[in-house]
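Report on the structure given below.
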Amino acid sequence: MLTIIAAVAENNALGKDNDLVWHLPDDFKRFKKLTTGHHIIMGRKTFESFPKPLPNRTHVVITHQQDYDDQNCIVTHNLKDALAFAREDEQPFIIGGGEIYKLSLPYADKIELTRVHGEFEADAYFPELDLNDWKLVNEEFHDKDEKHKYAFTYLTYERKK
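In this note's numbering, the protein residues as written are 2 to 162.
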């Protein structure tokens, strides 16, 4: 089962200048809980936005750079090869960025979306979801508080059969 996981604003903004435009500690904890022990598939810029590789996960990076080499990840040059590397994992995750989400959407079985309640200026966006293809199976609202400047909702979608 291929799962897309993303935090997305109401205008589908993902980030700007290769960084998130919000800080949601509870969402980071949920991301860690869901992805630990699994393959995480991402674009090169997303990988390079991390201060260091995320612990206890296998990083699969997609890049057009033929000579890209990093000892902390598996390097591939297309989504098909990335998915092949992750086939032994019963639950690999697509973690971004915008272009990788768009490419992987037709292959995904599930989407773990954190909808950040706000609109943000961005240079990376999540693709528009066709809700004819997806069924909302779980929804959990979190109000803003002293640790979270923005309210957000966890939304779990499964592909309709």
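Where is the CB? At the ideal position from N, CA and C, for every residue including glycine. Computed from a predicted structure; not experimentally measured.
{"Item": "For the beta strand (DSSP E) containing E49, name the first residue and the last one.", "Value": "Where E49 is concerned, there is no enclosing beta strand (DSSP E), although the alpha helix (DSSP H) it sits in stretches over 45 to 49."}
{"Item": "Where does N13 land, buried or exposed, given buried means 16+ other C-beta within 10 angstroms?", "Value": "buried"}
{"Item": "Which of the three DSSP states is assigned to D20 in this structure?", "Value": "strand"}
{"Item": "Keeping to the same chain, check which residues put their C-beta closer than 6 Å to that of A125; ignore five residues upstream and five downstream.", "Value": "L15, G16, G98, G99"}
{"Item": "Excluding sequence positions up to five away, which residues of its chain have a Cβ less than 8 Å from the Cβ of R58?", "Value": "T36, T37, G38, H39, H40, I41"}
{"Item": "Do K111 and T4 have their CB atoms nearer than 8 Å?", "Value": "yes"}
{"Item": "Count the other CB atoms within 10 Å of the CB of D18; is the residue buried (16 or more) or exposed (fewer)?", "Value": "exposed"}
{"Item": "DSSP three-state call for G38: helix, strand or coil?", "Value": "coil"}
{"Item": "Would you kindly report the start and end of the unbroken alpha helix (DSSP H) that includes G97?", "Value": "Run containing G97: none in the alpha helix (DSSP H); it sits in the beta strand (DSSP E), 94 to 97."}
{"Item": "Are the CB atoms of V117 and F94 nearer to each other than 8 Å?", "Value": "no"}
{"Item": "Tell me, to the nearest whole angstrom, how far the beta carbon of A10 is from that of F121; I am working on the premise that it is less than 8 Å.", "Value": "5 Å"}
{"Item": "Please name the residue, chosen from R45, Y69, Y158, that lies closest to I96 on a Cα-to-Cα basis.", "Value": "R45"}
{"Item": "Looking only at C-alpha atoms, which of L80, E49, P56 sits nearest to Y69?", "Value": "E49"}
{"Item": "With DSSP collapsed to three states, give me the class of A152.", "Value": "coil"}
{"Item": "Using beta-carbon positions only, say whether A8 and L25 come within less than 8 Å of one another.", "Value": "yes"}
{"Item": "I'd like the ranges of any beta strand (DSSP E) spanning at least 3 consecutive residues and lying wholly in the segment 65 to 125.", "Value": "75 to 77, 94 to 97, 111 to 117"}
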